[in-house]
Structures are given as C-alpha cells and as structure tokens.
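Letter by letter, the sequence shown follows residues 1 to 108 of the UniProt record's numbering.
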Amino acid sequence: MGMGKTTLIKALVATLGITDTVGSPTYGLVNEYANTQHTVYHFDFYRITSEEEAFDMGIEEYLYSGNWCFIEWAERIPSYLPQTYTKLIIEKTDALTRTIKILHISNL
1 MGMGKTTLIK
11 ALVATLGITD
21 TVGSPTYGLV
31 NEYANTQHTV
41 YHFDFYRITS
51 EEEAFDMGIE
61 EYLYSGNWCF
71 IEWAERIPSY
81 LPQTYTKLII
91 EKTDALTRTI
101 KILHISNL
C-alpha cells in the first residue's frame, strides 16, 4: 500500500491520451477509462478474499477483450492471469523514490 501503483496507472492512462480522472478502484474492483482509441480496465484486487470473486465479476471477459488491463494485487488471481503478460514490481527506495522492475512473464 502507498507504493504508487495508482499514480503509475494515472500516468499510463494519460500516455494513452485518456483524460478521465483516474482513481483507485478498491471498493468497486474495476474502473474503466476510455477515449476513441483506447479502453483501459483498472483493477484492484486487494480486498478480494478468493479468486471466485474475480470470476464472478467477469475477469476473463476483461482480460481477453483486447483492451488494456492494469491489475493491482494480481497475485490474488493467479488462476486467471493470461499465459503471457507484463509484470511491474514497484520497490520503495526512500520516501520519495521508487524503482520499477519490468518483467515479461511467459507460461507457454
């Protein structure tokens, strides 16, 4: 918590030219942001207690929609992650600095 996940997603959404206000979807599980060229689904699974909650909200339809999907706390839904995806790890260097590791994950 407080590592800058939502701040990073705000920057990614802005880079896609989307001007929507970006906030954490902690209670609603997913927020949608869009313009005429891109749709972004922003998930926060911090509060789920089982993978079935993600299934019940239709996670598979989102993930295979062809749109951008940014997932906070993705480790809570390992059964639903695609076979290949990009994982970002944010590490706190100090109070104002973060290090971001970018990993390409392939389970093929």
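For glycine and all other residues, C-beta sits at the position ideal for the given N, C-alpha and C.
The C-alpha of residue 92 is placed about 11 Å away from the C-alpha of residue 101. Closest in alpha carbon position to residue 66, among 87, 53, 82, is 82.
Rounded to the nearest whole angstrom, the CA to CA distance from residue 57 to residue 29 is 9 Å. Contact check for residue 40 against residue 16 passes: the beta carbons are separated by less than 8 Å. With distances taken between CA atoms, residue 6 lies nearest to 22 out of 105, 22, 18. Look at residue 79 here: in three-state DSSP terms it is helix. The bridge partners DSSP lists for residue 86 are 104.
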